[in-house]
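K.L.:
Numbering (this note's numbering), first residue to last: 5 to 327.
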């Protein structure tokens with residue numbers, strides 16, 4: 005044997021490129037080679053018609069599509085030998101409602117039920133149905149755009165489906181998503197939370213998505229059931245230096261102390277007070293009695309009285325206290 009250059013292969017008298025031969029057409033094929041003026045002997049390759057499959061299965065990736073001419077259902081064909089081994093078979097025809105179709109994708113603008121089957125050399129597959137439904141839209145509504153993050157106040161969200169003429173219709177498979185996570189498999193949802201932030205919702209059904217709706221959960225600031233006002237002193241020296249601290253404390257209906265929000269108000273001679281997160285300081289050079297009370301959300305505290313005394317009166321009171 006020796007290598008040859010410029011070798012040409014002919015199939016049935018015509019130049020054949022490549023070194024591999026396959027075909028889907030049964031028949032007898034003759035090959036020969038030529039190189040440097042010499043011709044080889046002829047070989048014959050017989051391509052036999054493949055045996056038909058023993059079984060054909062047809063499936064689809066969707067049982068429903070929208071009849072808008074855009075959404076498609078993909079058809080899948082599987083062929084098997086008599087012993088159940090999967091095989092590749094050419095020449096499988098697909099029929100839709102009894103009519104042969106081309107390709108393995110199906111879309112339509114006509115609503116209705118469509119039955120499919122595959123046929124190859126007299127062997128028929130199972131039959132499947134794809135339902136094309138009328139185009140529709142989904143509108144998501146919320147009765148509130150803001151709620152308090154107290155775990156009690158609720159926003160009611162509802163998904164409404166409409167046909168192409170705008171009439172409301174019933175649609176199965178509607179689900180509501182919150183922050184892109186399935187939150188409710190129903191068309192309505194009551195939402196409450198204890199975590200303050202903005203929440204985003206949308207509804208889907210059969211591949212159709214609604215508008216997006218946001219609900220803002222505001223920080224929950226508990227309302228007081230009781231306000232207690234107290235002072236560390238009820239007598240101070242009116243010298244512009246000595247001071248008394250007035251403190252607000254808030255309690256809920258269970259008697260548990262709650263925080264200061266900043267919306268509370270202290271009533272009295274406020275011109276001589278400075279505020280520091282619910283603690284007020286009284287410093288004055290003017291003698292007299294100073295009365296204060298606090299109020300928030302319609303709840304009023306007790307009244308605290310602080311007397312600012314002159315130097316002589318202040319020390320007289322101190323002595324009386326000791327006696």
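Ideal Cβ placement from N, Cα and C applies to all residues, glycine included. The structure presented is a predicted model; accordingly, all values stated were derived computationally and were not measured.
#1: Going along the chain, which residues of its own chain have a beta-carbon closer than 6 angstroms to the beta-carbon of residue 154, five neighbours each way excluded?
#2: Residue range of the beta strand (DSSP E) that residue 235 falls in?
#3: So, is residue 109 buried or exposed, given that buried needs 16 or more other C-beta atoms within 10 angstroms?
#4: Checking 9 angstroms against the spacing of the C-beta atoms, do residue 291 and residue 312 come in under that value?
#5: Should the region 37-57 be regarded as contacting the region 182-202, the criterion being three or more beta carbon pairs within less than 8 angstroms?
#6: CB-CB under 6 angstroms to residue 113, same chain, minus the five flanking residues each way: which ones, in chain order?
#7: Can you look up residue 10 in the DSSP assignment and give me helix, strand or coil?
#8: Let me check understanding here. Comparing Cα to Cα, which of 101, 162, 140 and 123 lies closest to residue 133?
#9: On a Cα-Cα basis, can you pick out the residue from 268, 239 and 240 that is closest to residue 253?
#10: Considering Cα atoms alone, identify which of 237, 76, 168 and 11 is closest to residue 39.
#11: Would the beta-carbon of residue 205 fall within 9 angstroms of that of residue 190?
#12: Consult DSSP for residue 210 and reduce its assignment to one of helix, strand or coil.
#13: Specify, as a first and last residue, the run of the beta strand (DSSP E) that residue 245 falls within.
#14: Mind checking who residue 61 pairs with in its DSSP beta bridge?
#15: Distance, Cα to Cα, residue 33 vs residue 56?
#16: Between the Cα of residue 284 and the Cα atoms of 262, 250, 302 and 164, which residue gives the shortest distance?
#17: Let me know the secondary structure DSSP gives residue 252 once reduced to three states.
#18: Note down, one range per segment and in chain order, each beta strand (DSSP E) of at least 3 residues found wholly within the region 15-72.
#19: What is the DSSP secondary structure of residue 187, reduced to helix, strand or coil?
#20: Keeping to the same chain, check which residues put their C-beta closer than 8 angstroms to that of residue 200; ignore five residues upstream and five downstream.
#21: What do you get for residue 30, buried or exposed, if any count of 16 or more other CB atoms within 10 angstroms of its CB means buried?
#22: Is it buried or exposed for residue 293, if we count other Cβ within 10 angstroms and need 16 for buried?
#23: Using the three-state DSSP reduction, which class does residue 315 fall into: helix, strand or coil?
#24: Tell me which residues share the same chain as residue 69 and place their Cβ nearer than 8 angstroms to its Cβ, disregarding the 5 neighbours each side in the sequence.
#25: Is residue 178 buried or exposed, if buried means 16 or more other CB atoms sit within 10 Å of its CB?
P.N.:
For this structure:
#1: 224
#2: In this chain, the beta strand (DSSP E) harbouring residue 235 covers 230-235.
#3: Exposed is the call here.
#4: yes
#5: no
#6: 71 and 73
#7: coil
#8: 101
#9: Taking each of 268, 239 and 240 in turn and checking the Cα distance to residue 253, the smallest one comes out for 268.
#10: 11
#11: Not a contact, by the Cβ cut-off of 9 angstroms.
#12: coil
#13: Note, residue 245: premise wrong, no beta strand (DSSP E); not H, not E.
#14: 82
#15: 22 angstroms
#16: It is 250 whose Cα lies nearest to the Cα of residue 284.
#17: Here residue 252 sits in strand by DSSP.
#18: Fully enclosed beta strand (DSSP E) runs of 3 or longer: 18-20, 31-39, 47-51, 59-64 and 68-70.
#19: strand
#20: 153, 221, 222, 223 and 224
#21: Around the beta-carbon of residue 30, fewer than 16 other beta-carbon atoms lie within 10 Å, marking it exposed.
#22: Exposed: under 16 other Cβ atoms inside 10 Å.
#23: helix
#24: 75, 76, 77, 110, 111, 112, 134, 135, 136 and 137
#25: Classification of residue 178: buried, given that the 10 Å Cβ count is 16 or more.
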